[in-house]
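Taking it in order: structure first as structure tokens, then the write-up.
Numbering (the numbering used here), first residue to last: 10 to 355.
What follows is the structure, given as structure tokens:
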């Protein structure tokens, strides 16, 4: 355990503490899985992922008050997320995976590799990790305003983010969706494109200025430009493209992210949760409403109509419908989407 961490950041990440557990410079931190259907991202020496930022279990136990239930700010089937404070006063989010879950163990490694390497203002900074026995933990920058799902759908979660949840304005929603678009454009534009594969409101975190920070890179895959590869179908129901829905495997392409982004656009603007349990699917509903020129009726009723520009609303939903086109080839690329979103008048 170390007692202090230098609060120095490189691209929003910690610099290595002077007395952390060290790995040899040429040592492979992350290995690849032998399963042929998975192609996780493998990184050896990264300039932005500091191989020495390895937290001890004692440090994170102290930071979270022995993983107190009172500090849980999020949870999933195989994980809990705690708000914590390191010994140097830095507030963090600690993701603790439930032991002995192979899928989560694999996603832990993929997430550590991806977010440890990437540097972008709209990607949630990873500060470090901990491997102790069967325990696997990741330490992230704490986002003061929680996640987008909480603001759109779960007003009871205000206790977790210490903020009063109020209806997001149209301008704020546009700011958030532009941030997500910028991040996806960055990922897809890398020499070897990264497909996130899990775009959803719960994976969009918000800082104190409502700047979007993308999280949950455990399902991300790196592919060659203009190339697709077969893998298991993964992601969040409601955001999956039609080419995935009736198959146990599918081709990983950037156009799958574009579809999920289009669903997110609809969700942010309408306030609808894209659950499959509704009688009417949000995508089918949106396409029908746009065909009837009813875009203003689609806007979340909690959004003030004062100053809302109808032409901007119409253009917004036009872009969203481009993204949710059934044919992947007909969907635009994220660079085009970024350009179109930046043209929307507020």
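The beta-carbon is built from N, C-alpha and C at its ideal position, and this holds for glycine as well.
The beta carbon of residue 144 sits closer than 8 Å to the beta carbons of 66, 105, 106 and 108 from its chain, once the five residues preceding and following it are set aside; these are given in chain order. Per DSSP, the unbroken alpha helix (DSSP H) holding residue 268 starts and ends at 263-279. Going by beta carbons, residue 321 and residue 296 fall outside the 7 Å limit.
Taking a cut-off of 8 Å on C-beta distances, the segment 324-337 touches the segment 273-284, as three or more cross pairs fall below it. Residue 81 sits in a strand when the DSSP states are folded into three classes. With a threshold of 16 other beta carbon atoms within 10 Å, residue 124 meets it and is buried. Taking C-alpha positions only, residue 100 is separated from residue 247 by approximately 33 Å. Burial check for residue 289: the Cβ neighbour count within 10 Å stays below 16, so the residue is exposed. Selection 189, 209 and 140 evaluated against residue 350 yields 189 as nearest (Cα-Cα). Looking at the backbone, the Cα of residue 102 and that of residue 342 are separated by about 32 Å. Runs of alpha helix (DSSP H) with 4 or more residues, each lying fully within the segment 111-137, are found at 111-126, listed in chain order. Rounded to the nearest whole angstrom, the C-alpha separation of residue 142 and residue 79 is 25 Å. Bridge partners of residue 140 according to DSSP: 145. Around the beta-carbon of residue 355, fewer than 16 other beta-carbon atoms lie within 10 Å, marking it exposed.
Closest option to residue 314, judged by alpha-carbon separation, among 176, 162, 64 and 131: 176.
The beta carbon of residue 312 sits closer than 6 Å to those of 179, all from its chain and outside the five residues before and after it, given in chain order.
About 7 Å separates the CB atoms of residue 337 and residue 250; that is less than 8 Å, so the two are in contact. Shown here, residue 231 sits in a strand according to DSSP, grouped into three states. Just measuring C-alpha positions, the residue of 151, 215 and 206 sitting nearest residue 182 is 215. Beta-bridge annotation (DSSP): residue 204 is paired with 230.
Considering only 207, 229 and 208, the residue with the shortest C-alpha distance to residue 201 is 229.
For residue 94, the three-state secondary structure derived from DSSP is strand. Just measuring C-alpha positions, the residue of 69, 120, 158 and 151 sitting nearest residue 283 is 158.
Annotation: residue 262 to residue 317 spans about 35 Å, alpha carbon to alpha carbon. Counting only residues of its own chain and dropping the five nearest sequence neighbours on each side, residue 221 has a CB closer than 6 Å to the CB of 131, 185, 188, 189 and 213. For residue 222, the enclosing beta strand (DSSP E) has its first and last residue at 221-223. Each of 191, 150, 84 and 155 was checked against the Cα of residue 219, and the nearest Cα belongs to 155. Annotated three-state conformation of residue 248 is coil, per DSSP. With a contact defined as Cβ atoms closer than 8 Å, residue 208 and residue 266 qualify at about 6 Å. Taking a contact as a CB-CB distance under 8 Å, the pair residue 116 and residue 227 counts as one, their CB atoms being some 3 Å apart. Per DSSP, the beta bridge partners of residue 156 are 214.
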